[in-house]
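2 protein chains.
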Amino acid sequence: MALTTPNPMGPWKITVYDQENFQGKRMEFTASCQNIMECGADNIRSLKVECGAWVGYEHSSFSGQQFVLERGEYPRWESWSGSNAYHIERLMSFRPVCSAVSVLNHKESKIVVFERENFIGKQWEMNDDYPSLQAMGWGNNEIGSMQVQSGAWVCYQFPGYRGYQYIMECDRHGGEYKHYREWGSHAQTFQVQSLRRIQQ
Amino acid sequence: MALTTPNPMGPWKITVYDQENFQGKRMEFTASCQNIMECGADNIRSLKVECGAWVGYEHSSFSGQQFVLERGEYPRWESWSGSNAYHIERLMSFRPVCSAVSVLNHKESKIVVFERENFIGKQWEMNDDYPSLQAMGWGNNEIGSMQVQSGAWVCYQFPGYRGYQYIMECDRHGGEYKHYREWGSHAQTFQVQSLRRIQQ
Chain A
1 MALTTPNPMG
11 PWKITVYDQE
21 NFQGKRMEFT
31 ASCQNIMECG
41 ADNIRSLKVE
51 CGAWVGYEHS
61 SFSGQQFVLE
71 RGEYPRWESW
81 SGSNAYHIER
91 LMSFRPVCSA
101 VSVLNHKESK
111 IVVFERENFI
121 GKQWEMNDDY
131 PSLQAMGWGN
141 NEIGSMQVQS
151 GAWVCYQFPG
161 YRGYQYIMEC
171 DRHGGEYKHY
181 REWGSHAQTF
191 QVQSLRRIQQ
Chain B
1 MALTTPNPMG
11 PWKITVYDQE
21 NFQGKRMEFT
31 ASCQNIMECG
41 ADNIRSLKVE
51 CGAWVGYEHS
61 SFSGQQFVLE
71 RGEYPRWESW
81 SGSNAYHIER
91 LMSFRPVCSA
101 VSVLNHKESK
111 IVVFERENFI
121 GKQWEMNDDY
131 PSLQAMGWGN
141 NEIGSMQVQS
151 GAWVCYQFPG
161 YRGYQYIMEC
171 DRHGGEYKHY
181 REWGSHAQTF
191 QVQSLRRIQQ
């Protein structure tokens, strides 16, 4: 079958709703939104990603928990929030992941992970998705630091793409994340057990 | 770096605990468990997969919601349960996924998805992981039926590997899943927006 050709590099488009199941106030965006309250909504309760890859945040100004949002339909908070130490039902800001590679070029993503902070200890160069780092031979349940050399990646606290998410991009921080404190304001440990490329 | 060579095909080993954070009664298994209550525990509240890929079930006798369990540490129910329409904190039975391919041979997995039930309509042969079917050009948020030709797969209701999980194996049902009623007792719709291979 010839599938519809995906649009490889945007333009980005996301439609958000202030009620579950695509109900209530409806707003379309093609660029980042720093605070949904400035658009007259108190929260985002469902959304459709129509083009590109996005990241949503628990708080305004792109802070708090991070949620990767890829093309498709998200009818309520559980569909993006996943499994976390505490449940949040809040999505207050979002932006495109500009460095996410096209699905047509997804082999071009590259990240180097290090055993310890500040890019020391054992290292491993990766260009594929890993639902279990330990199944691939990584020795423990932590990553100390990371260098994103190409594309955008999402790391997860637990195997199988579960738990806290950390979005890592080649065009932010110079692609360098030398301690968990640089992974996001919600990061509290070095624990990472799965990671994958973000594609759009 | 030379990583530790992963053990490609088992033997399977899982350690489960009846309290969170690997506390309480501890039990090791190298084969399936049909009802954890027969082992003297009322529930499983944390676990470590030490070898192989497994699937856990909400209820005894391998029924109810399904949770793929890959190598790594799961300190509490949120780390495997993920995002669902309702939260369950119950894991009563589990078994190895014998047809999951080795991480060394993961390109050998193959599934054909069909637009409609009973293997009709548009079809698409897949041998890679797809966090968003729509980003890859699939026309809607549903899959009507599937034929697993090699390996084991997990399909998810939402993009980014979120929501209900459906484990599909080449060595069960003859690899044929012609209607969502055959995906598991918890399946209620044809909605599938991401899918990936299960590796071990």
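Going down the list, the protein sequences come from chains A and B.
Oh and the first sequence: position 132 is 132 in UniProt numbering, straight run, nothing missing.
Oh and the second sequence: position 27 is 27 in UniProt numbering, straight run, nothing missing.
Built from N, CA and C at the ideal position, the CB exists for glycine as well.
The DSSP-derived three-state label of B:Trp54 is strand.
In this structure, DSSP gives A:Ser93 an extended state, which the three-state scheme calls strand. Cα atoms of B:Ala53 and A:Glu38: separation of roughly 46 Å, rounded to the nearest angstrom.
Partner residues in a beta bridge of B:His173, as assigned by DSSP, do not exist.
Counting C-beta pairs with one atom in each stretch, the segment 109 to 127 of chain A and the segment 140 to 152 of chain A have three or more that are closer than 8 Å, which means they touch. Contact annotation for B:Gln134 against chain A: Arg71, Gly72 [CB-CB distance below 7 Å, chain order]. From the listed residues B:Arg90, B:Phe62, B:Phe67, the smallest Cα separation to B:Tyr17 is found for B:Arg90. Between the segment 48 to 67 of chain B and the segment 23 to 36 of chain B, the count of C-beta pairs closer than 8 Å reaches three or more; the two stretches touch.
In chain order, Gly72, Glu73, Tyr74, Pro75, Glu78, Ser79, Trp80 make up the part of chain A whose C-beta sits under 9 Å from the C-beta of B:Phe158. Taken in chain order, the segment 125 to 166 of chain A contains no complete alpha helix (DSSP H) segment of 4 residues or longer. Contact of A:Arg162 with chain B is assigned, a C-beta pair being separated by under 7 Å. For the 7 Å CB-CB criterion, B:Trp80 and B:Phe67 form a contact.
In this structure, A:Gln191 lies near A:Asn141, with their beta-carbon atoms less than 7 Å apart. B:Ser46 carries a strand assignment under DSSP once its states are collapsed to helix, strand and coil. For A:Pro131, the nearest CB of chain B lies under 7 Å from its own CB, placing it at the interface with that chain. Interface criterion not met: the Cβ of B:Gln65 is under 7 Å from no Cβ in chain A. Per DSSP, A:Glu73 is one residue of the beta strand (DSSP E) stretching across 72 to 74. DSSP links A:Gln191 through a beta bridge to A:Glu142.
For B:Ser81, the enclosing alpha helix (DSSP H) stretches over residues 78 to 81.
Chain B has a Cβ within less than 7 Å of the Cβ of A:Val68. For the segment 90 to 112 of chain B, residues whose beta-carbon sits nearer than 8 Å to a beta-carbon of chain A comprise Val103.
For the C-beta of A:Gln193, the chain B residues within less than 8 Å are, from N- to C-terminus, Gly72, Glu73. Counted as a single uninterrupted DSSP element, the beta strand (DSSP E) harbouring A:Lys110 occupies residues 110 to 116.
Listed by position along chain B, the residues whose Cβ is nearer than 7 Å to that of A:Gln200 are Ala135. Minimum Cα-Cα distance from A:Gln193 among the listed residues A:Gly144, A:Glu176, A:Glu169 corresponds to A:Gly144.
At a cut-off of 7 Å between beta carbons, B:Asn21 makes no contact with chain A. Annotation: the continuous beta strand (DSSP E) that includes B:Thr15 extends over 13 to 19.
Counting other Cβ atoms within 10 Å of its Cβ, B:Asp42 stays below 16 and is therefore classed as exposed. Our two residues, B:Leu133 and B:Tyr156, have alpha carbons roughly 11 Å apart in a direct line. Interface residue (Cβ-Cβ distance to chain A less than 7 Å): B:Asn141 is classified as such. Under a criterion of Cβ atoms nearer than 8 Å, the residues of chain B adjacent to A:Arg196 are, in order, Asp129, Pro131. Partner residues in the beta bridge of A:Leu69, as assigned by DSSP, are A:Trp54. Per DSSP, reduced to three states, the secondary structure at B:Ile36 is helical. Going by DSSP, A:Lys25 is part of the beta strand (DSSP E) stretching over 23 to 29. The Cβ atoms of A:Met92 and A:Ser46 do not sit closer than 7 Å to each other.
Each residue's CA atom was taken as its position, placing B:Gln65 and B:Lys107 some 28 Å apart.
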